[in-house]
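**Q** Chains A and B supply the protein sequences, listed in that same order.
Per the numbering used here, residue 2 is the first one in the first sequence, and the count goes up by one each step.
Per the numbering used here, residue 33 is the first one in the second sequence, and the count goes up by one each step.
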Amino acid sequence: MNEEVRLMKGNEAIAHAAIRYGADGYFGYPITPQSEILETLEALMPWETTGMVVLQAESEVASINMVYGGAATGKAVMTSSSSPGVSLMQEGISYIAAAELPALIVNVMRGGPGLGTIHPSQSDYFQATKGGGHGDYHLIVLAPSTVQEMADFVALGFDLAFKYRTPAMILADGVVGQMMEKVVLPPQRQRRTPEQIAEQCPWAATGKGSRGNRNVVTSLELDSALMEKNNERFQRTYAEIERNEVRYETYYTEDADYLIVAFGSVARICLKSIEMARAEGIRIGLIRPITLWPFPYEAIAGLGAKVKGIQVVELNAGQMIEDVRLAVERDKPVRHFGRMGGIVPNPGEILEAFKRDFINK
Amino acid sequence: MTHEIIIAGFGGQGVLSMGKILAYAALMDNLEVTWMPSYGPEQRGGTANVTVILSDSRISSPVLDTYDIAVILNQQSLDKFESHVKPGGLLIYDPSGIHHKPTRTDITILEIDAMTATIEMGNPKGYNMILLGALIESRKMVGLDAVLRGLKKALPERHHHLIPANEAALRRGQELARK
Numbered sequence: 002m003n004e005e006v007r008l009m010k011g012n013e014a015i016a017h018a019a020i021r022y023g024a025d026g027y028f029g030y031p032i033t034p035q036s037e038i039l040e041t042l043e044a045l046m047p048w049e050t051t052g053m054v055v056l057q058a059e060s061e062v063a064s065i066n067m068v069y070g071g072a073a074t075g076k077a078v079m080t081s082s083s084s085p086g087v088s089l090m091q092e093g094i095s096y097i098a099a100a101e102l103p104a105l106i107v108n109v110m111r112g113g114p115g116l117g118t119i120h121p122s123q124s125d126y127f128q129a130t131k132g133g134g135h136g137d138y139h140l141i142v143l144a145p146s147t148v149q150e151m152a153d154f155v156a157l158g159f160d161l162a163f164k165y166r167t168p169a170m171i172l173a174d175g176v177v178g179q180m181m182e183k184v185v186l187p188p189q190r191q192r193r194t195p196e197q198i199a200e201q202c203p204w205a206a207t208g209k210g211s212r213g214n215r216n217v218v219t220s221l222e223l224d225s226a227l228m229e230k231n232n233e234r235f236q237r238t239y240a241e242i243e244r245n246e247v248r249y250e251t252y253y254t255e256d257a258d259y260l261i262v263a264f265g266s267v268a269r270i271c272l273k274s275i276e277m278a279r280a281e282g283i284r285i286g287l288i289r290p291i292t293l294w295p296f297p298y299e300a301i302a303g304l305g306a307k308v309k310g311i312q313v314v315e316l317n318a319g320q321m322i323e324d325v326r327l328a329v330e331r332d333k334p335v336r337h338f339g340r341m342g343g344i345v346p347n348p349g350e351i352l353e354a355f356k357r358d359f360i361n362k
Numbered sequence: 033m034t035h036e037i038i039i040a041g042f043g044g045q046g047v048l049s050m051g052k053i054l055a056y057a058a059l060m061d062n063l064e065v066t067w068m069p070s071y072g073p074e075q076r077g078g079t080a081n082v083t084v085i086l087s088d089s090r091i092s093s094p095v096l097d098t099y100d101i102a103v104i105l106n107q108q109s110l111d112k113f114e115s116h117v118k119p120g121g122l123l124i125y126d127p128s129g130i131h132h133k134p135t136r137t138d139i140t141i142l143e144i145d146a147m148t149a150t151i152e153m154g155n156p157k158g159y160n161m162i163l164l165g166a167l168i169e170s171r172k173m174v175g176l177d178a179v180l181r182g183l184k185k186a187l188p189e190r191h192h193h194l195i196p197a198n199e200a201a202l203r204r205g206q207e208l209a210r211k
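(1) Find the nearest neighbour of LEU63 (chain B) within the set B:PRO119, B:PHE113, B:MET33, judged by alpha-carbon distance.
(2) Contact between the stretch 100-115 of chain A and the stretch 64-73 of chain A is defined here as three or more beta-carbon pairs at a separation below 8 Å; is this criterion met?
(3) Along the chain, where does the alpha helix (DSSP H) that runs through THR238 (chain A) open and close?
(4) Ends of the alpha helix (DSSP H) at LEU183 (chain B)?
(5) Determine the direct distance from the alpha carbon of ARG190 (chain A) to that of LEU327 (chain A), and round the result to whole angstroms.
(6) Have a look at the DSSP bridge pairing and note the partners of TYR69 (chain A).
(7) What is the rounded straight-line gap between the Cα of GLU1 (chain A) and the Cα of ALA201 (chain B)?
(8) Under DSSP, the alpha helix (DSSP H) around ARG210 (chain B) begins and ends at which residues?
(9) For the alpha helix (DSSP H) containing MET153 (chain B), list its first residue and its last residue.
(10) Over what stretch of residues does the alpha helix (DSSP H) that includes ALA162 (chain A) continue unbroken?
(11) Could you tell me which of A:GLY86, A:SER225, A:VAL107, A:LEU8 sits nearest to TYR56 (chain B), measuring between CA atoms?
(12) Given a cut-off of 8 Å, decide if ARG248 (chain A) and THR419 (chain A) are closer than it, judged by their beta-carbon atoms.
(13) Which residues in the same chain as VAL6 (chain A) place their Cβ atom closer than 6 Å to its Cβ, once the five residues preceding and following it in sequence are excluded?
(14) Closer than 9 Å between beta carbons: that is the criterion. Which residues of the stretch 173-185 of chain A meet it against chain B?
(15) Measuring CB atoms only, is the stretch 336-351 of chain A touching the stretch 269-288 of chain A, in the sense that at least three cross pairs come out at less than 8 Å?
(16) Taking GLN45 (chain B) as the reference, give the member of B:ILE38, B:ASN106, B:ASP97, B:VAL174 with the closest Cα.
(17) Could you tell me the distance, in whole angstroms, from the CA atom of HIS116 (chain B) to the CA atom of LEU208 (chain B)?
(18) Less than 8 Å between CB atoms is the rule here; does VAL179 (chain B) satisfy it with respect to chain A?
(19) Could you tell me whether any Cβ in chain B is nearer than 8 Å to the Cβ of GLU276 (chain A)?
(20) As an exercise, report each continuous alpha helix (DSSP H) stretch of at least 4 residues that is fully enclosed by the stretch 85-113 of chain B, in chain order.
(21) Roughly how many angstroms separate the alpha carbons of THR147 (chain A) and LYS209 (chain A), rounded to a whole number?
(22) Is ASP174 (chain A) helix, strand or coil by DSSP?
(23) Establish whether the CB of PRO348 (chain A) and some CB of chain B are separated by less than 8 Å.
(24) For a contact meaning CB atoms closer than 8 Å, what does VAL345 (chain A) contact in chain B?
(25) Starting from LEU56 (chain A), trace the beta strand (DSSP E) both ways and give me its first and last residue.
(26) Under 8 Å, Cβ to Cβ, is there at least one residue of chain B near SER266 (chain A)?
(27) Given a limit of 7 Å on CB to CB distance, which residues of the stretch 3-34 of chain A reach chain B?
(28) Report the neighbours of LEU39 (chain A) on chain B: residues whose CB is nearer than 9 Å to its CB, in chain order.
(29) Identify which residue in A:LEU45, A:ALA99, A:TRP48, A:ILE32 has its Cα closest to the Cα of PRO85 (chain A).
(30) Looking at the unbroken alpha helix (DSSP H) that takes in GLN128 (chain A), where does it start and where does it end?
(31) Closer than 7 Å, Cβ to Cβ, to anything on chain A: give me those residues from the stretch 53-64 of chain B, in chain order.
(32) Check ASN3 (chain A) in the structure and name its three-state DSSP category.
(33) Give the DSSP bridge partners of GLY310 (chain A), in chain order.
(34) Three or more C-beta pairs under 8 Å: does that hold for the stretch 201-220 of chain A against the stretch 31-47 of chain A?
(35) If you reduce the DSSP assignment to three classes, tell me which class HIS17 (chain A) lands in.
(36) Going by beta carbon distance, what residues of the same chain come within less than 7 Å of ILE139 (chain B), once the five residues before and after it are set aside?
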């Protein structure tokens, strides 16, 4: 398959991109608003073409442990779910992080807590960026705002996961999962051969072969001195990721008197609010973190120092705002505007909230 | 050039698929396009709407509060969206099932009796295509040719025999809009 321009939903784009990346396996369990990922994979039947395994597991817990097993053999494997399902996966995600395995996890967030609503939300920010499961670990967290990024971040997520031997997450919301846009799908990549996997992943459980030693993949280390060494190694990896992989985008920041920080689909809604504000002579800039972990603290600190105030807009009660506050000087006003319960604010509503906080105080 | 469009009516009237065909037509004409459904556990009989944005430049928000064009298929949607059409904008509506007609004087209002036309044509499934024909006739955004190519791309091959009936409905909509 060559490069191709298509119109599709964000969820469908993830499925197409996974096949075209040359992924080896997908294991998942359906849940709104991301069921199209599994459905599209089943409809495309990649096991007939690239040999990619697509399996509907009996539960989310089974899915993530199939990912754990597949990743341990050096395969490029993934799962996807939505908020309640991703909560069920947290134990497995922690094990995958502790076993230093590459894997891709997609969370198309819906409103919580609990079963909540099937409508869009960003209320899993804390879960995704601050651990989620137990133990000192991080996921690389990518936040797409377009259908194109839904497709692109499959390859980026896998590449980063393999580069650093750590799981990556695409943290999307129901808006970008369900909307259709034009997307350029990359050409089909060949799946790696067993030889290529053995070369790329000398740690993988691929059979001893000519290797002198057995590869053992585990998260368990009962010797505390050795476990602390493991922890130190994980932390060195995270520090390296923080140095190398921070990604963000800015708009209209050159002359901005105020700054909006937003991620995912909300950043695009805010961009429209900013254009409306500029038509009224209010100069607001936008910074959109693309990696939520590692978080663009320095970029926000730099831009934050130049403005009178910062508005953080999220589909939650205020989660990313904590990282924005960590980034900027203490005396800088940082305010939050959010909707919950699956409600997506429109551009005018966001502008009203901004004016309430900063202009008509 | 940017067209910010809301299409709203009952589930089952072809609201989402009308938006989808329009989006595919935009794809054929190499425009940027965003199709954002109001989705949920909405079934036949419930309200459904879709925001379609066509542009020759990058599209920011997929969610809007005001629209250049509203295509309205029931009273609830008219009540909800009439006030959200930008001044100078266009409101297309089907009068069947409408008890209180639109009253705005600062926008263009186009009544398209698609229900009667679709019955006359003996093609009830062409209903939404009549309205789409009226839409592309009244604002230059995509041509009939692009819509037909979009239909071909959007429909699975086993349904391609339905394209001529859809084309007839699109052309009927264009005629109604010219009147």
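All C-beta atoms, glycine included, are put in the ideal place defined by N, C-alpha and C.
It should be emphasised that the depicted structure is a prediction, and the values quoted were computed from it without experimental measurement.
**A** Looking at the coordinates:
(1) B:MET33
(2) yes
(3) For THR238 (chain A), the uninterrupted alpha helix (DSSP H) run begins and ends at 225-245, by DSSP.
(4) Unbroken alpha helix (DSSP H) run through LEU183 (chain B): 176-186.
(5) 41 Å
(6) None, per the DSSP bridge assignment.
(7) This structure gives no information on residue 1 (chain A), because the portion of chain A shown stretches from 2 to 362.
(8) 195-210
(9) 146-153
(10) Segment 148-165, the alpha helix (DSSP H) holding ALA162 (chain A).
(11) A:LEU8
(12) Outside the shown range of chain A, which is 2 to 362, sits residue 419 (chain A), and nothing can be said about it.
(13) VAL185
(14) Taking 9 Å as the cut-off between beta carbons, the residues of the stretch 173-185 of chain A near chain B are GLY175, VAL176, VAL177, GLN179, MET180, MET181, GLU182, LYS183, in sequence order.
(15) yes
(16) B:ASN106
(17) 25 Å
(18) Cβ-Cβ to chain A under 8 Å: no for VAL179 (chain B).
(19) By this cut-off, GLU276 (chain A) is an interface position.
(20) Listed in chain order, they are 107-113.
(21) 43 Å
(22) strand
(23) yes
(24) VAL95
(25) 54-57
(26) Answer yes: the Cβ-Cβ gap between SER266 (chain A) and chain B drops below 8 Å somewhere.
(27) LEU8
(28) Within chain B, no residue comes near LEU39 (chain A); the closest Cβ sits about 17 Å away, beyond 9 Å.
(29) Closest option to PRO85 (chain A), judged by alpha-carbon separation, among A:LEU45, A:ALA99, A:TRP48, A:ILE32: A:ILE32.
(30) 126-130
(31) ALA55, TYR56, LEU59, GLU64
(32) If DSSP states are grouped into helix, strand and coil, ASN3 (chain A) belongs with coil.
(33) A:TYR259
(34) no
(35) helix
(36) VAL117, PRO119, GLY120, GLY121, LEU122, LEU123
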